[in-house]
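To keep things clear, I will list the structure first and then write my remarks on it.
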Amino acid sequence: MGSKRDKENEYRLGTARIAKCTCLCPHPSAVQRNLNSSVNPGLNADTLGQGSTQASLEHASLGKDNAFWHSLNTNVKNLHAVISGHDHGDEWCAREPTYDVIFCFNKHSGYGGYSRPGWGRGVRSIIFHSAAPLVGLETYIMMENGTSHTSE
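Quick note, the sequence shown lines up with residues 1 to 152 if you use the working numbering.
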């Protein structure tokens, strides 16, 4: 466990990171960020800590994004969603219970990195129907072959 000063520095670093991407205008906001996965509807082919560089199974890595996550949800106004492009084998969305923000996995969108047969390549698209974050949003994965996968 770090000292109080370490925790304050972590929070400041998180705030500094957010300051770089914060829009002070009234438009809806969505942020892409690497997050850990869990079991939810949709393609959920990445086992925690496998297939990516995330260290979700390493005890020493637990909680390292807490300052950033808190800063993100505190400082970015009109935050509707956080999109993770980290786990190529995941494409589901869920509402995060602590800050009540939606987060989604982006899927495998490019030709680099890792993939598995049957995953296909796709890009997450987001449609904002309201400027109010709690109203929700419409999101889907547009596949390279022209089909789409809907997330709610």
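Virtual Cβ for every residue (Gly too), placed ideally from N, Cα, C. Being a predicted model, the structure only gives us computed values, none of them experimental.
### Sub-8 Å separation of residue 144 and residue 120 beta-carbons
Yes.
### Query
Quick one, are the C-beta atoms of residue 124 and residue 139 less than 8 Å apart?
For the 8 Å CB-CB criterion, residue 124 and residue 139 form a contact.
### Query
Do residue 131 and residue 102 come within 8 Å of each other at the CB atom, strictly closer than that value?
No, these two residues do not count as a Cβ contact at 8 Å.
### Message
Just list the residues that DSSP pairs residue 103 with in beta bridges.
### Response
Beta-bridge pairing by DSSP links residue 103 to 82, 94.
### Message
By the DSSP assignment, the alpha helix (DSSP H) with residue 69 in it spans what residues?
### Response
Counting along the chain, residue 69 sits inside the alpha helix (DSSP H) bounded by residues 66-75.
#### Entry: Coarse secondary structure for residue 133, derived from DSSP in three states
Helix.
### Query
Hey, out of 107, 70, 68, whose CA is closest to residue 90's CA?
It is 107 whose Cα lies nearest to the Cα of residue 90.
#### Entry: Whether residue 105 touches residue 84 by CB criterion (8 Å)
Contact: yes.
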